Each structure stands twice: as structure tokens, then as C-alpha cells.
Ligand code: FES
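Here it is, written out as C-alpha cells:
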């Protein structure tokens, strides 16, 4: 007789727990943002043209606008809200407007995507320069 019971005690505990956490970036659920149009009104002053570096730009966080000067005397403005997932862009460097949330880069010339993951350009904002002052058009 005898019921043979094997008790295996090995391996019951101490399984390695090593579930890797994916980098949570808050952008996983909603897809791309629609770009967040800047809330500017025509005639809004955006600062002195002389303050915008040639080949670069200036981010105006309050207005959610980035003003660029691709070539001397040519001014452009775009939404400063990244079209990928809605972070504000944080720098203008080496000819691109950069979002550090996930690394998207946009051209200072036309807001087009230079580097993903964004796929849509930054929406352009019409501006004029009068008396050395940049204003929304
Ligand atoms: S929000 Fe993802 S790169 Fe800008």
C-alpha cells in the first residue's frame, strides 16, 4: 500500500521577479495630439525681432508660440506645442525646434518634421514685423 506522495519543495519560491517596466511617457493612449493651435489673437506682440537669433528661434511659452528667423530678416512662427503628444517644445538648436519629451524635431523654416516620432508639422502662425516688433497677423 502506501500512497506515494512526492513533495517537491524546490522551485516553489524565489522565482526571479524581473518584469521590465516600459517607459511611461503618458502618450500611449491617445495617439497623436492634434497640434494644439496657439491661442494668439491678431496684433499680439511677440517681442523684438532683434531678439530672435538668425538660423534659430525663441520660444514664447506663455503664447505657446515659437518665433524663428531661418534667414536674416525672414521671420516665421509656429505653435510651440509638439504635434506628437502635446508637450511644449523646449529648445531651438541647429536649425530645428526640439521637443525633448520623445525627441521630435521640427524645421525652423516651415515647422516640418525633421525627426520623429511626430508625423505632423507644427502649425504655422502668421506674423508680421513692424518697427522691429513681431506681432501676430
Ligand atoms: S510630445 Fe512626443 S516628441 Fe514631443
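Residue numbers (the numbering used here): 394 to 530.
Positions of the beta carbon are idealized from the N, C-alpha and C atoms, including for glycine.
Just so it is clear, the structure is predicted and the values come from calculations on it, not from any experiment.
For residue i, the nearest candidate out of the options (CA to CA)
i, options, result
"residue 434", "518, 475 and 445", "518"
"residue 487", "499, 440, 522 and 479", "499"
"residue 455", "472, 446 and 503", "472"
"residue 457", "525, 438 and 447", "438"
"residue 485", "447, 522 and 520", "447"
Extent of the continuous beta strand (DSSP E) run through residue i
i, result
"residue 498", "498-500"
"residue 461", "458-464"
"residue 441", "438-441"
"residue 474", "That residue, residue 474, is in no beta strand (DSSP E); it is neither H nor E in DSSP."
"residue 453", "450-453"
"residue 485", "484-486"
Same chain, Cβ closer than 8 angstroms to residue i, five either side skipped, listed in chain order
i, result
"residue 510", "477, 495, 496 and 497"
"residue 416", "Confidence at residue 416 is low in this model, with a pLDDT of 45, below 50, so the placement of that residue should be treated as unreliable; the coordinate-derived value is given next. Excluding positions up to five away in sequence, the list is empty."
"residue 503", "469, 514 and 517"
"residue 453", "439, 440, 459, 460 and 473"
"residue 464", "447 and 448"
The ligand NAD heavy atom lying under 8 angstroms from the CB of residue i
i, result
"residue 497", "Absence of the ligand NAD is noted for the structure shown, with the ligand FES being the only ligands found."
Contact set for residue i: own chain, Cβ-Cβ below 7 angstroms, skip 5 residues either direction
i, result
"residue 507", "489, 498, 499 and 500"
"residue 524", "none"
Nearest-angstrom beta carbon gap, residue j and residue i [assumed within contact, 8 angstroms]
i, j, result
"residue 479", "residue 462", "Going by Cβ atoms, the distance from residue 479 to residue 462 rounds to 26 angstroms, so no, they are not a contact pair."
"residue 470", "residue 459", "7 angstroms"
"residue 505", "residue 514", "5 angstroms"
9 angstroms Cβ cutoff met for residue i and residue j
i, j, result
"residue 468", "residue 443", "no"
"residue 528", "residue 436", "yes"
Cutoff 6 angstroms; reference residue i; Cβ partners in own chain excluding five residues on either side
i, result
"residue 493", "483"
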